[in-house]
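Presented below is the structure to which this report refers.
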Amino acid sequence: MGSLNIENVKKAFGSVDVLKGIDLEVRDGEFVVFVGPSGCGKSTLLRVIAGLEDASSGNIIIDGQKVDAVPPAERGIAMVFQTYALYPHLNVRNNMSLGLKQIKTPADEITRRVKAASGMLSLEPYLERRPAELSGGQRQRVAIGRAVVREPKLFLFDEPLSNLDAALRVNTRLEIAQLHRRLSATMIYVTHDQVEAMTLADRIVVLNGGRIEQVGAPMELYNSPTNLFVAGFIGSPKMNFIDGTRLGETAKTIGVRPEHMTVDPKSGSWKGTVIHAEHLGADTNLYLDAEQAGLLTIRTFGEYRAEPGTTLYATPDPSRIFRFNDQGRTIR
Ligand SMILES: Nc1ncnc2c1ncn2[C@@H]1O[C@H](COP(=O)(O)OP(=O)(O)OP(=O)(O)O)[C@@H](O)[C@H]1O
Numbered sequence: 142m143g144s145l146n147i148e149n150v151k152k153a154f155g156s157v158d159v160l161k162g163i164d165l166e167v168r169d170g171e172f173v174v175f176v177g178p179s180g181c182g183k184s185t186l187l188r189v190i191a192g193l194e195d196a197s198s199g200n201i202i203i204d205g206q207k208v209d210a211v212p213p214a215e216r217g218i219a220m221v222f223q224t225y226a227l228y229p230h231l232n233v234r235n236n237m238s239l240g241l242k243q244i245k246t247p248a249d250e251i252t253r254r255v256k257a258a259s260g261m262l263s264l265e266p267y268l269e270r271r272p273a274e275l276s277g278g279q280r281q282r283v284a285i286g287r288a289v290v291r292e293p294k295l296f297l298f299d300e301p302l303s304n305l306d307a308a309l310r311v312n313t314r315l316e317i318a319q320l321h322r323r324l325s326a327t328m329i330y331v332t333h334d335q336v337e338a339m340t341l342a343d344r345i346v347v348l349n350g351g352r353i354e355q356v357g358a359p360m361e362l363y364n365s366p367t368n369l370f371v372a373g374f375i376g377s378p379k380m381n382f383i384d385g386t387r388l389g390e391t392a393k394t395i396g397v398r399p400e401h402m403t404v405d406p407k408s409g410s411w412k413g414t415v416i417h418a419e420h421l422g423a424d425t426n427l428y429l430d431a432e433q434a435g436l437l438t439i440r441t442f443g444e445y446r447a448e449p450g451t452t453l454y455a456t457p458d459p460s461r462i463f464r465f466n467d468q469g470r471t472i473r
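Going by this note's numbering, the sequence shown opens with residue 142, and the numbers climb by one from there.
Right, dumping it as structure tokens:
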């Protein structure tokens, strides 16, 4: 079991309000990802859940029990950090077992759990090695293994993949997804990475300036963002925002995702001049300076050859246009 309730949690450092009243319910077994711009309070919220920081007010409730006065080690939580935080002088086996020894777990139980976790994370060949003799990806798997053996109610991940190179990040991301499926454990995960958030999360929590902007399943946020901030934050490349008045619309702002426009050299809705084309292999990002709509990013599938300075017309898919009012809220 590992449900979590966050009730009106506020946190200030001195006179700076970092968390301004967070309410969130996480179901047992759910994978919840916190995203938001740098400094929005993601890590602070995770640290408050873990008990590494005290909230200034509000409650943290794990499995129905208020834990504000419970020390971190007794909250039934395991945290995985960006920097691994392994003991350099201990081998993998001992790094994974140390926490269990400290709470006087019987030796045969420790052996069983280390065996299961190292099997799950493909760490068996490395059990006798020290961290310095491992790659970054292997070290992070040990850090995850150390969390797994504790059989926590709640796993907390603070940007666990950001020190890994692109290929390892993909592999480790898959491993975390499989781990979640196997353990059916509750996981809370902080990341900067759009792809990690979209692919791992049951629900994404979008934070901005210490407040929650929206909570929802990845495709719900992508298809139905409640406001300009979420519309611009979820999706890559970012949604295009166009001044509604320039288009003769009543809405203050019009939003179109780069992948929801087509281009044609002869005709279309918005005439523009190509500024740059980025060839990504599977698709091309075109940057167009459009007369009415301003600077547009358009994503075309496959290779699209367009020299800077040439004229192209962009046409949005009418069923995929977003409209926002003066307050930046989505007009349904
Ligand atoms: N111990 C501290 N003392 C004072 N201010 C702090 C402390 N920890 C964090 N802050 C401030 O709180 C704000 C939120 O920090 P936090 O690390 O939670 O943001 P974040 O969303 O995780 O950012 P990033 O994505 O850059 O890691 C920042 O402005 C930060 O400078």
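Even glycine gets a Cβ: it sits at the ideal position worked out from N, Cα and C.
Does the distance between the C-beta of S144 and the nearest non-hydrogen atom of ligand 1 fall short of 8 Å? What you label residue 144 is simply residue 3 of the sequence shown in a count that begins at 1. Because no heavy atom of ligand 1 lies under 8 Å away, the Cβ of S144 does not count as near it: no.
For ligand 1, is there any heavy atom lying closer than 8 Å to the beta carbon of H230? Here the question's residue 230 lines up with position 89 in the sequence shown. For H230, the shortest separation between its Cβ and any heavy atom of ligand 1 does not lie below 8 Å.
Mind listing, in chain order, the continuous alpha helix (DSSP H) runs of no fewer than 4 residues lying wholly within the segment 306-349? Fully enclosed alpha helix (DSSP H) runs of 4 or longer: 307-324 and 335-341.
For Q206, the residue or residues it bridges with in DSSP: Counted from its first residue, the sequence shown places residue 206 at position 65. Looking at the DSSP output, Q206 shares a beta bridge with I203.
I want to check one thing, is the minimum distance from the CB of K161 to the heavy atoms of ligand 1 below 8 Å? In the sequence shown, residue 161 corresponds to position 20, counting from 1. For K161, the distance from the CB to the nearest heavy atom of ligand 1 is not below 8 Å.
Can you tell me which of the three DSSP states R280 falls into? Indexing the sequence shown from 1 puts residue 280 at position 139. In this structure, R280 counts as helix in the three-state DSSP scheme.
Consult DSSP for L231 and reduce its assignment to one of helix, strand or coil. Position 90 of the sequence shown, counted from the start, is the residue given in the question as residue 231. DSSP places L231 in coil when its eight states are reduced to three.
Roughly how many whole angstroms lie between the Cα atoms of G177 and A248? Here residue 177 corresponds to residue number 36 of the sequence shown, with the count starting at 1. Here residue 248 corresponds to residue number 107 of the sequence shown, with the count starting at 1. Distance between the alpha carbons of G177 and A248: 43 Å.
Output the distance between the C-alpha atoms of I163 and K152, rounded to the nearest integer angstrom. By 1-based counting over the sequence shown, the position of residue 163 is 22. By 1-based counting over the sequence shown, the position of residue 152 is 11. The straight-line gap from Cα to Cα measures roughly 10 Å.
Determine the extent of the alpha helix (DSSP H) in which K183 is found, giving its start and end residues. Position 42 of the sequence shown, counted from the first residue, corresponds to residue 183. Taken as a continuous stretch (DSSP letters only), the alpha helix (DSSP H) holding K183 covers K183 to A191.
Rounded C-beta distance between L453 and P399? I'm assuming under 8 Å. The residue given as residue 453 occupies position 312 in the sequence shown. The residue given as residue 399 occupies position 258 in the sequence shown. Actually they are not in contact, since the Cβ atoms of L453 and P399 sit about 14 Å apart, beyond 8 Å.
Whole-number beta carbon distance between N236 and R287, since they are thought to touch under 8 Å: Within the sequence shown, residue 287 is the residue found at index 146, counting from 1. Within the sequence shown, residue 236 is the residue found at index 95, counting from 1. Rounded to whole angstroms, the Cβ separation of R287 and N236 is 6 Å, and the two are in contact under 8 Å.
Within 8 Å, do at least three Cβ pairs link the segment 431-445 to the segment 402-421? Using a Cβ-Cβ distance cut-off of 8 Å, the segment 402-421 and the segment 431-445 are in contact, since at least three pairs of beta carbons, one from each stretch, lie closer than that value.
Between L268 and N232, how many whole angstroms is the CB-CB distance? I'm expecting something under 8 Å. Within the sequence shown, the letter at position 127 stands for residue 268. Within the sequence shown, the letter at position 91 stands for residue 232. With a Cβ gap of about 7 Å, L268 and N232 count as contacting.
Rounded to a whole number of angstroms, what is the C-alpha to C-alpha distance between G205 and L320? As a working mapping, residue 205 is identified with position 64 in the sequence shown. As a working mapping, residue 320 is identified with position 179 in the sequence shown. Answer to the nearest angstrom: the Cα atoms are 25 Å apart.
If you check the beta carbons only, do A284 and P229 fall under 9 Å apart? Residue 284 sits at position 143 when you count from the first residue of the sequence shown. Residue 229 sits at position 88 when you count from the first residue of the sequence shown. The Cβ atoms of A284 and P229 do not sit closer than 9 Å to each other.
So, for V208: in the same chain, excluding its five sequence neighbours on each side, which residues have a beta-carbon less than 8 Å away from its beta-carbon? Position 67 of the sequence shown, counting from 1, holds the residue named residue 208. The residues are G192, I201, I202 and R216.
Cut-off 7 Å between Cβ atoms - residues of its own chain near N146, not counting five sequence neighbours on either side: Within the sequence shown, residue 146 is the residue found at index 5, counting from 1. Cβ within range, chain order: E166 and I202.
Leaving out five residues before and five after G182 in sequence, what residues of the same chain have Cβ atoms less than 7 Å from its Cβ? As a first step, residue 182 must be located in the sequence shown, where it is residue number 41. Once the five neighbours on either side are set aside, the close Cβ partners of G182 are V159, L160, L348 and G351.
Hey, R322 and V174: beta-carbon distance below 9 Å or not? Within the sequence shown, residue 322 is the residue found at index 181, counting from 1. Within the sequence shown, residue 174 is the residue found at index 33, counting from 1. Contact: no.
Using a 10 Å radius around the Cβ and a threshold of 16 neighbouring Cβ atoms, would you call V157 buried or exposed? In the sequence shown, counting from the first residue as 1, residue 157 sits at position 16. With fewer than 16 other Cβ atoms within 10 Å, it is exposed.
Using the beta-carbon count (16 or more within 10 Å), is R314 buried or exposed? Position 173 of the sequence shown, counted from the first residue, corresponds to residue 314. When all chains shown are included, R314 counts as buried.
Check M237 in the structure and name its three-state DSSP category. Taking the first residue of the sequence shown as position 1, residue 237 is located at position 96. Of the three classes helix, strand and coil, the one that applies to M237 here is helix, per DSSP.
Assuming P301 and Q281 make a contact with CB atoms under 8 Å, what is their CB distance in whole Å? Residue numbering aside, residue 301 sits at position 160 when the sequence shown is read from its first letter. Residue numbering aside, residue 281 sits at position 140 when the sequence shown is read from its first letter. Yes, they are in contact, since the Cβ atoms of P301 and Q281 sit about 6 Å apart, within 8 Å.
Determine the burial state of F154: buried for a count of at least 16 other Cβ atoms within 10 Å of its Cβ, exposed for fewer. Your numbering for residue 154 matches position 13 in the sequence shown. Exposed is the call here.
Member of T403, P366, G443 and I416 whose CA lies at the smallest distance from the CA of G422: In the sequence shown, counting from the first residue as 1, residue 422 sits at position 281. Nearest of T403, P366, G443 and I416 to G422, Cα basis: G443.
For a test of your reading of the model: does the CB of E265 fall under 8 Å from any non-hydrogen atom of ligand 2? Yes or no. Absence of ligand 2 from the depicted structure is noted, with ligand 1 being the only ligands included.
9 Å Cβ cutoff met for G396 and F298: Counted from its first residue, the sequence shown places residue 396 at position 255. Counted from its first residue, the sequence shown places residue 298 at position 157. Not closer than 9 Å, so no.
From G357, M380, D195 and A418, pick the residue whose C-alpha is nearest to that of T451; which is it? One-based indexing of the sequence shown puts residue 451 at position 310. Checked all of G357, M380, D195 and A418; the closest Cα to T451 is A418.
Got a sec: does ligand 1 put a non-hydrogen atom nearer than 8 Å to the Cβ of T185? Walking along the sequence shown from the start, residue 185 turns up at place 44. Because some heavy atom of ligand 1 lies under 8 Å away, the Cβ of T185 counts as near it: yes.
Neighbour-count burial assignment, R387, 16 or more Cβ in a 10 Å radius: The sequence position of residue 387 within the sequence shown is 246, counting from 1. By the neighbour-count definition (other C-beta atoms within 10 Å, threshold 16), R387 is an exposed residue.
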